[in-house]
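Residue numbers (our numbering): 1 to 298. Glycine included, C-beta positions come from ideal geometry on N, C-alpha and C. Worksheet for the structure shown next.
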Amino acid sequence: GEPKPFKLPATETFTLPNGMEVTLVPYGIAPKVVVSLRVRAGSATEGEGTWLGVLTAAMMKEGAGGRSAGQLATAAAEMGGDLGVGAGQQTTQVTMNVLSEYAPRAVALIGDVAIRPDLPASELARVKANLGRQLSVALSQPGTLADIALARTIYGPNHPYGRVVPSAAQLAGYTIDQIKGFHRDQFGAKRAHLYIAGKFDAVAIKAAITRTFGGWTAGPEPITLAAPHQAGPRVILIDRPDAPQTTLRLSFDAAVAGSEADIPQRVTNSLLGGAFSSRITTNIRETRGYTYSPGTGV
């Protein structure tokens, strides 16, 4: 049928004097709000310290602003939500989904985690052990091995995008000083964008944002990272003797994010394999009756 009409909510974006961007998105009727801070610090800014951003993000949840990890979790739960901290290729995200009346308090808590993490050395061994188990499991899976080989092939082993995972020894060797250094050198207002979406009091929210983030040091400029092009076609084979199944990766160059072709590319991806109802998934699972789930991504 015809798609139903959809009107995007009117958003408001402004910049604090220290360079931090803020976007407010009034949306919906349920008394809930999402507060999400995105800091452009992740694997792209690690240099050779693979997973140092992931480790820093995990340590940021271990205490901030003088409150322990348990106290942070309790504070988030009292607002009707929880606290999520994670690092990806481009950004570290600190996010809460809370009841609307607590939105200003959520802004303050996120500010503590992002700006004033305690990074307690006493918790480092446990956090590294947890990540070490995740690394061990990932390296036993053919999908991870395929991702590693693909990244190295496209970007090369000396490019941040070409280093997907560290070695176990590298992860175990990271120190609390390296983590503090990553946070100090890679976090700052100029690299931050705060998104608030849902039902909220705009006046109260703006006051909380200014109070929490107005004094944050501007910090470094966002980096510009060249993505080298490796001419193809190339075929990379990874033999795992006696493996009962095969993982396949097929990669092409994509349009630059933010370019005119970006949105059409994302729509096409959703139609092809980016959703469970997409073309190749329907073909494999419905038409042919196989239980596999192929997928595509940009």
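Terminal residues of the continuous beta strand (DSSP E) containing residue i?
{"i": "Glu221", "result": "Premise fails: Glu221 is in no beta strand (DSSP E) and is neither H nor E."}
{"i": "Phe182", "result": "Unbroken run through Phe182 is the alpha helix (DSSP H), 176-186; no beta strand (DSSP E)."}
{"i": "Phe213", "result": "No beta strand (DSSP E) holds Phe213; the alpha helix (DSSP H) holding it covers 202-213."}
{"i": "Ala87", "result": "83-87"}
Which first and last residues belong to the alpha helix (DSSP H) in which residue i is found?
{"i": "Pro264", "result": "262-269"}
{"i": "Pro26", "result": "No alpha helix (DSSP H) holds Pro26; the beta strand (DSSP E) holding it covers 21-26."}
{"i": "Ile110", "result": "103-115"}
{"i": "Glu12", "result": "It is not in any alpha helix (DSSP H) - Glu12 instead sits in the beta strand (DSSP E) that spans 12-15."}
Buried or exposed, going by whether 16 or more other CB atoms sit within 10 Å of the CB of residue i?
{"i": "Ile179", "result": "buried"}
{"i": "Lys128", "result": "buried"}
{"i": "Asp253", "result": "exposed"}
{"i": "Gln186", "result": "buried"}
{"i": "Lys4", "result": "exposed"}
{"i": "Ala44", "result": "buried"}
{"i": "Arg40", "result": "buried"}
{"i": "His183", "result": "buried"}
{"i": "Ala243", "result": "exposed"}
{"i": "Phe200", "result": "buried"}
{"i": "Thr11", "result": "exposed"}
{"i": "Arg249", "result": "exposed"}
{"i": "Arg163", "result": "buried"}
{"i": "Asp82", "result": "exposed"}
{"i": "Pro228", "result": "exposed"}
DSSP three-state label for residue i, please.
{"i": "Glu123", "result": "helix"}
{"i": "Arg279", "result": "helix"}
{"i": "Gln170", "result": "helix"}
{"i": "Asn158", "result": "coil"}
{"i": "Ser136", "result": "helix"}
{"i": "Arg163", "result": "coil"}
{"i": "Arg285", "result": "helix"}
{"i": "Arg249", "result": "coil"}
{"i": "Glu2", "result": "coil"}
{"i": "Asp147", "result": "helix"}
{"i": "Asn130", "result": "helix"}
{"i": "Leu55", "result": "helix"}
{"i": "Arg152", "result": "helix"}
{"i": "Thr45", "result": "helix"}
{"i": "Thr296", "result": "coil"}
{"i": "Ala257", "result": "coil"}
{"i": "Leu8", "result": "coil"}
{"i": "Thr91", "result": "coil"}
Alpha carbon to alpha carbon, how far is residue i from residue j?
{"i": "Gly198", "j": "Arg126", "result": "36 Å"}
{"i": "Gly289", "j": "Arg279", "result": "14 Å"}
{"i": "Ser68", "j": "Pro264", "result": "45 Å"}
{"i": "Met20", "j": "Arg133", "result": "36 Å"}
{"i": "Thr291", "j": "Thr246", "result": "14 Å"}
{"i": "Thr74", "j": "Met96", "result": "13 Å"}
{"i": "Arg116", "j": "Thr144", "result": "34 Å"}
{"i": "Thr281", "j": "Ile176", "result": "45 Å"}
{"i": "Leu52", "j": "Leu16", "result": "29 Å"}
{"i": "Ser277", "j": "Leu37", "result": "31 Å"}
{"i": "Lys206", "j": "Thr212", "result": "10 Å"}
{"i": "Ser136", "j": "Ala168", "result": "8 Å"}
{"i": "Leu131", "j": "Val54", "result": "9 Å"}
{"i": "Lys7", "j": "Gly28", "result": "12 Å"}
{"i": "Gly47", "j": "Val85", "result": "21 Å"}
{"i": "Gly70", "j": "Ala76", "result": "10 Å"}
{"i": "Gly188", "j": "Gly63", "result": "19 Å"}
{"i": "Pro306", "j": "Gly219", "result": "What the structure shows of the chain is the stretch from 1 to 298, and residue 306 is not part of that stretch, so it cannot be assessed."}
{"i": "Asn18", "j": "Gly215", "result": "8 Å"}
{"i": "Gly295", "j": "Ile209", "result": "39 Å"}
{"i": "Glu221", "j": "Ala192", "result": "10 Å"}
{"i": "Leu104", "j": "Glu123", "result": "According to the sequence shown, residue 104 is Pro rather than Leu. Cα-Cα distance, rounded: 29 Å."}
{"i": "Ala146", "j": "Val235", "result": "12 Å"}
{"i": "Pro241", "j": "Gly42", "result": "35 Å"}
DSSP puts residue i in a beta bridge; with which residues?
{"i": "Thr50", "result": "DSSP output for Thr50 lists no bridge partner at all."}
{"i": "Tyr195", "result": "Thr23, Ser36"}
{"i": "Met96", "result": "Val35, Leu83"}
{"i": "Ser68", "result": "Gly63"}
Distance cutoff 8 Å, beta carbons only. Does residue i sit that close to anything in chain D?
{"i": "Ile176", "result": "Given the protein chain composition of this structure (a single chain), no chain D is represented."}
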